[in-house]
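For what it's worth, the numbering used here labels the leading residue of the sequence shown as 1441, then goes sequentially. In this text, a Cβ means the ideal position worked out from N, Cα and C, and glycines have one as well. Please read these numbers as outputs of a predicted model, since none were measured by experiment. Here is the structure we will look at, set down as structure tokens.
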Amino acid sequence: MDLRTLGIWRATCRAGNDHVARALRRTTTRMLFPFFPCTHEFLRHLTDHHAVIGGEVALSFVLRDSSFEPRVLEVYTGYGWFQPFIDNIALSSALATHLMWEREEDVGWPFVRHRGARKLAIFGTTSGRRVIVFESTTMSPCTPISRSWCTAMMNFVTEDCFAAAYLPLIEKRRALVSDLSCEPFHSDEDNTMDLLIQYGFSFSSHPTKWAKFNTPSSPPRATGENTYPCMRMRFACPDQGRYFGDRGSTVGLVDPLHRGFDFLHERLLPPFGHMPVWRLWNSTICDAGCAYGDSILPRGVISITALYSEEENSAVHQTRYDYEPEGHRDIATYVDVALAD
């Protein structure tokens, strides 16, 4: 059952909410069990260190296809949380017995610049799979996720919430690529691309390459001699400023009656605290006026890191799965800015 259907079911009654919460927790357990049989212990450490799950495992969560089997678990920590997370995992007998240390790397400048990660640690597992822990270049663990090589990888999962930046594309097995930074920087990215192709994903640098997005509409937008529909209203424009929590994204709770957004807000856990605002690092250039008047990011800025807070009386975090918030988030205290060439 997809996320939207689960959301409709949850809204029917208390029993429906409880059933959906159990279903989402079973999904998390099923995904993590091949890496850590003691999933609850791992999730506790994840929350304690403000870390998130990304990559293939997060995609599996939002895709909800039981045949999709992640081979790599990617964990992302904010700047300064990397070493404490590694140390505490090593001290946990329930987790350490399933891990085999491989190596730690200070990644090169191209990876830092394009992917927003400054360091990574790689572990093998007793099940033959791999765990990679990344340290973000910013206080936000989601900065590297927002700079992924394609939109299918722009998702995260924690013990209490999940988020997908481009869920409508994922549901149709499509992904936009950041073609100015999409070259793989480690072998697992090559393997992930092969896995997505195996499961029927189609890649493009612009959505108008797909027939469904290239039908006439009003008003059209023109680039050179080609005229195509404006993708901004669909939140599928590569040049559009985006953030987790905007109208084009999906942000939901595993069990809102157990731990709601207030709990996450008080502790500055994702999707609160330091979070990225981004646009794809893409070669497609749109000369329409809206490209120069983006209300989220100035022209030429690829990403910023902002401190997210909830406005008083805002309805942005009502537990709904149609994701049409009535309010909006404050974006304040800009911390990090990445500029395009």
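Item	Value
CA nearest to the CA of tryptophan 1589, picked from Ser1618, Arg1614, Phe1712	Ser1618
Contacts around tryptophan 1721, its chain only, beta-carbon distance under 6 angstroms, and the 5 residues preceding and following it disregarded	Ser1618, Leu1620, Ser1621, Ile1742
Cα-Cα separation between serine 1566 and isoleucine 1736, rounded to whole angstroms	In the sequence under discussion, the amino acid at residue 1566 is threonine, which differs from the serine named in the question. For threonine 1566 and isoleucine 1736, the distance between alpha carbons rounds to 45 angstroms.
Range of the contiguous alpha helix (DSSP H) that encloses serine 1642	Premise fails: serine 1642 lies in the beta strand (DSSP E), 1642 to 1644, not in any alpha helix (DSSP H).
Beta-carbon spacing of cysteine 1440, tyrosine 1516 below 8 angstroms	Shown here, the chain extends from 1441 to 1781; a query on residue 1440 therefore has no answer.
The stretch 1693 to 1704 touching the stretch 1460 to 1476, judged by at least three CB pairs closer than 8 angstroms	yes
Integer Cβ distance of proline 1647 from leucine 1616, believed to fall under 8 angstroms	7 angstroms
Residues near glycine 1664 by beta carbon distance below 7 angstroms, same chain, minus five either side	Reliability of the predicted coordinates at glycine 1664 is poor, the pLDDT of 46 falling under 50, and no value is obtained from them.
Leucine 1535 to methionine 1441 span [Cα, whole Å]	31 angstroms
Whole-angstrom C-beta distance between serine 1586 and proline 1716, which should lie under 8 angstroms	4 angstroms
In chain order, each alpha helix (DSSP H) run of at least 4 residues that lies wholly inside the stretch 1498 to 1558	1522 to 1531, 1533 to 1536, 1549 to 1555
Residue environment, isoleucine 1493, which counts as buried when at least 16 other CB atoms sit within 10 Å	buried
Minimum C-alpha distance to serine 1532 - residue among Val1512, Arg1504, Glu1481, Gly1548	Glu1481
Short Cβ contact (8 angstroms threshold) for alanine 1604 with threonine 1690	yes
Alpha-carbon spacing of alanine 1557 relative to valine 1547, whole angstroms	8 angstroms
Rounded separation between serine 1644 and glutamate 1542 - CA only	35 angstroms
Unbroken beta strand (DSSP E) run spanning phenylalanine 1475, endpoints	Unbroken run through phenylalanine 1475: none, as it is neither H nor E.
Cross-strand partners of alanine 1603 (DSSP beta bridge)	Phe1596, Val1691
Whether leucine 1513 touches phenylalanine 1475 by CB criterion (8 angstroms)	yes
Among Arg1739, Gly1520, His1490, Thr1468, the one whose alpha carbon lies nearest that of proline 1678	Arg1739
Beta carbon of asparagine 1595 nearer than 8 angstroms to that of alanine 1498	yes
Nearest-angstrom beta carbon gap, methionine 1471 and phenylalanine 1501 [assumed within contact, 8 angstroms]	6 angstroms
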